[in-house]
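Asks: The structure that follows is given in the form of structure tokens.
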Amino acid sequence: MTKALTDTVTLRHGARIKGRIVQPPMLTNSGLSGGFVSQDTLNYYTTRSESAGMVIVEYCYVIKDGGPSHTWAANKEQLGVQSDEHIEGLRKIAQSLQSKGNKAILQINHSGRESNFPARHGGRALAPSAIDFSFLDYPVEEITEEEIYKVIEAFGLATRRAIQAGFDGVEIHGANHYLHQQFFSKWSNQRQDKWGGSYENRTRFIREVNDQVFKVIREEAPKDFIVGYRISPEEIHGVNVGYTYQDSTRLVEDLGKHYDFDYIHISNLNYKNKPAGQSSTYAQLYRQVLPDDVKIIVVGGITNEEKAKDALNYADFAAVGRGTLIDPQFGKKIMEGRGNEIVTEISPEQAEISKLPPALITLFSDEKMPLQIPGRESLFHLHGQDKEYYREGY
52 MTKALTDTVT LRHGARIKGR IVQPPMLTNS GLSGGFVSQD TLNYYTTRSE
102 SAGMVIVEYC YVIKDGGPSH TWAANKEQLG VQSDEHIEGL RKIAQSLQSK
152 GNKAILQINH SGRESNFPAR HGGRALAPSA IDFSFLDYPV EEITEEEIYK
202 VIEAFGLATR RAIQAGFDGV EIHGANHYLH QQFFSKWSNQ RQDKWGGSYE
252 NRTRFIREVN DQVFKVIREE APKDFIVGYR ISPEEIHGVN VGYTYQDSTR
302 LVEDLGKHYD FDYIHISNLN YKNKPAGQSS TYAQLYRQVL PDDVKIIVVG
352 GITNEEKAKD ALNYADFAAV GRGTLIDPQF GKKIMEGRGN EIVTEISPEQ
402 AEISKLPPAL ITLFSDEKMP LQIPGRESLF HLHGQDKEYY REGY
């Protein structure tokens, strides 16, 4: 079947997505102390009420020790969903995204060893194993079994809060070196108990979180509530091999067999990336082992309409990150046949139109930062104007 970007897609539990453009989760550097939603956060998401048929809100940590994680803003944090007090702000995000018919998804996570805020301010960074990671400037503690079960419970509570806040679904963050991936990785998980060692043991945490999340959904969510899982297809850093594409393909197959996920979201630098020596992309390999009604989202390098169209040769949805950062009407323009009008480069004027939070503008205007966004040279003269937002050298 030929796919079009303007198709309405029905997911396996009945949710209908208007179009095949997805906005992936992207850190806004806008949360208040404690992970609460700020006005900058609301401005950003309200402006993206027509960016895509489905918007996945940036990762929210589910328990106190699970974040905050990476942010470049000196007085801003990662968003959280670790208490009922967070529901009100998250509800405002969901309502703003849904105001034009978008589906709003909340990504839930525990950052594990990447929980740098608590680690640098008298708290702890927990991980499957207490390894001396050379790229971290703080120690990592091995999470106890009691703490593991508390985290599992916290994912269920976070799912309940997402439901109460009115989100259309949740995405479990199993990618990008956070706690799910840390347990799955042979390199970062060196435990000798039931949570480490064999494939079955290294995926035990993933399964237990899934069980808790789906239990809450069955009991409390609407029938068409959306559930996704984000995964990094490989973890290979030179001689340090956490897992290969064969391992992740086996995991994806198990996720499709044993759980009612609506979609698998592949986190990658380019949507056409392939494992070394393979002729098929990761998405094509996953498609072979997934049920037909489990959709695949690809991300990476999809910056315009033509690339979004091409992405549908490999997957069911095209996730557009930088494109929706620059032009918050990316999806709307495609749905209306105006793809040629999509703004593809940032400028001071476009940054204002797109309501980028001040810390993001300061970040993109730093010539030293590796994060690339087309046209960012036009922002260089703005760097340093918002010193209160910026964490030097981060």
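Numbering of the sequence shown is given in the numbering used here, commencing with residue 52 and proceeding in unit increments.
We put the beta carbon where it would ideally sit given N, CA and C, even for glycine.
Pull up the distance between the alpha-carbon of residue 274 and that of residue 64, whole angstroms please.
Replies: As a first step, residue 274 must be located in the sequence shown, where it is residue number 223. As a first step, residue 64 must be located in the sequence shown, where it is residue number 13. If I take the Cα positions, the gap works out to 6 Å.
Asks: Should residue 224 be counted as a contact of the ligand ADP given a C-beta to heavy atom distance under 7 Å?
Replies: With respect to the ligand ADP, the structure offers nothing, as it holds no ligand at all.
Asks: When the Cα atoms are used, what is the spatial distance from residue 70 to residue 221?
Replies: To locate residue 70, count along the sequence shown from 1; it is residue 19. To locate residue 221, count along the sequence shown from 1; it is residue 170. If you take the alpha carbons of residue 70 and residue 221, they lie about 19 Å apart.
Asks: Under the rule that 16 or more other beta-carbon atoms within 10 Å means buried, what is residue 423, buried or exposed?
Replies: Position 372 of the sequence shown holds residue 423. So residue 423 counts as exposed.
Asks: With three or more beta-carbon pairs closer than 8 Å as the criterion, would you say the region 279 to 287 touches the region 196 to 216?
Replies: Output reads no: the region 196 to 216 does not touch the region 279 to 287.
Asks: CB-CB under 6 Å to residue 304, same chain, minus the five flanking residues each way: which ones, in chain order?
Replies: As a first step, residue 304 must be located in the sequence shown, where it is residue number 253. Contacts found: 340.
Asks: Taking its Cβ as the centre, do 16 or more other Cβ atoms sit within 10 Å of residue 52, making it buried, or is it exposed?
Replies: As a first step, residue 52 must be located in the sequence shown, where it is residue number 1. That one is exposed.
Asks: Could you round the C-beta distance between residue 349 and residue 322 to whole angstroms and report it? I think they count as a contact, below 8 Å.
Replies: In the sequence shown, counting from the first residue as 1, residue 349 sits at position 298. In the sequence shown, counting from the first residue as 1, residue 322 sits at position 271. So it is a contact: roughly 4 Å between Cβ atoms.
Asks: Within a Cβ cutoff of 8 Å, which residues of the same chain sit near residue 319, ignoring the five residues on either side of it in sequence?
Replies: Indexing the sequence shown from 1 puts residue 319 at position 268. For residue 319, where only same-chain residues beyond five positions count, the Cβ hits under 8 Å are 283, 284, 333, 349, 350 and 351.
Asks: Quick one: is residue 364 buried, meaning 16 or more other Cβ sit within 10 Å of its Cβ, or exposed?
Replies: Within the sequence shown, the letter at position 313 stands for residue 364. With fewer than 16 other Cβ atoms within 10 Å, it is exposed.
Asks: Compare the beta carbon distance of residue 457 and residue 203 with 8 Å and say whether it is the shorter of the two.
Replies: The requested residue 457 is not part of the displayed model; the chain covers only 52 to 445.
Asks: Mapping DSSP to helix, strand and coil, what is residue 174?
Replies: Locating residue 174 in the sequence shown gives position 123, where the first residue counts as 1. Here residue 174 sits in coil by DSSP.
Asks: Comparing C-alpha positions only, which one of 326, 143 and 395 sits nearest to residue 155?
Replies: Sequence index remark: in the sequence shown, residue 155 carries index 104 (1-based). The candidate whose alpha carbon is nearest that of residue 155 is 143.
Asks: How far does the beta strand (DSSP E) with residue 309 in it reach, from first residue to last?
Replies: In the sequence shown, residue 309 corresponds to position 258, counting from 1. Where residue 309 is concerned, there is no enclosing beta strand (DSSP E), although the alpha helix (DSSP H) it sits in stretches over 296 to 309.
Asks: At a cut of 8 Å, does the region 185 to 197 reach the region 69 to 83 through at least three beta carbon pairs?
Replies: No, the region 185 to 197 is not in contact with the region 69 to 83.
Asks: What is the DSSP secondary structure of residue 161, counted as helix, strand or coil?
Replies: Here residue 161 corresponds to residue number 110 of the sequence shown, with the count starting at 1. If DSSP states are grouped into helix, strand and coil, residue 161 belongs with coil.
Asks: Could you name the residues of the same chain whose beta carbon sits closer than 7 Å to that of residue 105, not counting the 5 residues immediately before and after it, in chain order?
Replies: Reading the sequence shown from its first residue, position 54 is the one you call residue 105. If we look at residue 105 and ignore the five residues flanking it on each side, its Cβ neighbours are 68, 73, 153, 154 and 156.
Asks: Please state whether DSSP places residue 360 in a helix, a strand or coil.
Replies: Within the sequence shown, the letter at position 309 stands for residue 360. Looking at residue 360 - three-state DSSP - the assignment turns out to be helix.
Asks: Looking at the secondary structure, which residues open and close the alpha helix (DSSP H) in which residue 69 lies?
Replies: Walking along the sequence shown from the start, residue 69 turns up at place 18. Element bounds for residue 69: not the alpha helix (DSSP H) but the beta strand (DSSP E), 67 to 69.
Asks: How close, in whole Å, do the beta carbons of residue 176 and residue 185 come, if the pair is a contact with beta carbons under 8 Å?
Replies: As a working note, residue 176 is residue 125 in the sequence shown. As a working note, residue 185 is residue 134 in the sequence shown. With 8 Å as the limit, residue 176 and residue 185 do not qualify as a contact, their Cβ atoms being about 15 Å apart.
Asks: What is the DSSP secondary structure of residue 285, reduced to helix, strand or coil?
Replies: The sequence position of residue 285 within the sequence shown is 234, counting from 1. In the structure shown, residue 285 sits in coil (DSSP, three-state: anything other than H, G, I, E or B).
Asks: Could you tell me whether any Cβ in chain C is nearer than 8 Å to the Cβ of residue 258?
Replies: Any reference to chain C falls outside this structure, which holds one protein chain only.
Asks: Candidates 151, 82, 132 and 140: which alpha carbon is nearest residue 383's?
Replies: Here residue 383 refers to the residue found at position 332 when the sequence shown is read from its first residue. Nearest option by C-alpha distance: 151.
Asks: Taking the C-alpha atoms as reference points, what is the distance between residue 425 and residue 357?
Replies: Here residue 425 refers to the residue found at position 374 of the sequence shown. Here residue 357 refers to the residue found at position 306 of the sequence shown. Their backbone Cα atoms lie some 17 Å apart in a straight line.
Asks: Among 264, 235 and 269, whose alpha-carbon lies nearest the alpha-carbon of residue 255?
Replies: Start at 1 with the first residue of the sequence shown, and residue 255 comes out as number 204. With distances taken between Cα atoms, residue 255 lies closest to 235.
Asks: Which of the three DSSP states, helix, strand or coil, is assigned to residue 365?
Replies: In the sequence shown, counting from the first residue as 1, residue 365 sits at position 314. Here residue 365 sits in coil by DSSP.
Asks: Might you give, ordered along the chain, the residues of its own chain that have their beta carbon closer than 6 Å to the beta carbon of residue 261, omitting 5 neighbours on each side?
Replies: Position 210 of the sequence shown, counted from the first residue, corresponds to residue 261. Same-chain partners within the cutoff: 310.
Asks: Report the option in 432, 95 and 56 whose CA atom is closest to the CA atom of residue 379.
Replies: Walking along the sequence shown from the start, residue 379 turns up at place 328. Nearest option by C-alpha distance: 95.
Asks: If you draw a straight line from the alpha carbon of residue 141 to that of residue 195, how long is it in whole angstroms?
Replies: Within the sequence shown, numbered from 1, the residue matching residue 141 stands at position 90. Within the sequence shown, numbered from 1, the residue matching residue 195 stands at position 144. If I take the Cα positions, the gap works out to 30 Å.
Asks: Per the DSSP calculation, residue 77 is bridged to which residue(s)?
Replies: Here residue 77 corresponds to residue number 26 of the sequence shown, with the count starting at 1. The partner list for residue 77 (beta bridge, DSSP) is empty, contrary to what the question assumes.
Asks: State the DSSP-derived secondary structure class of residue 107, mapped to helix, strand or coil.
Replies: Start at 1 with the first residue of the sequence shown, and residue 107 comes out as number 56. In the structure shown, residue 107 sits in a strand (DSSP, three-state: E or B).
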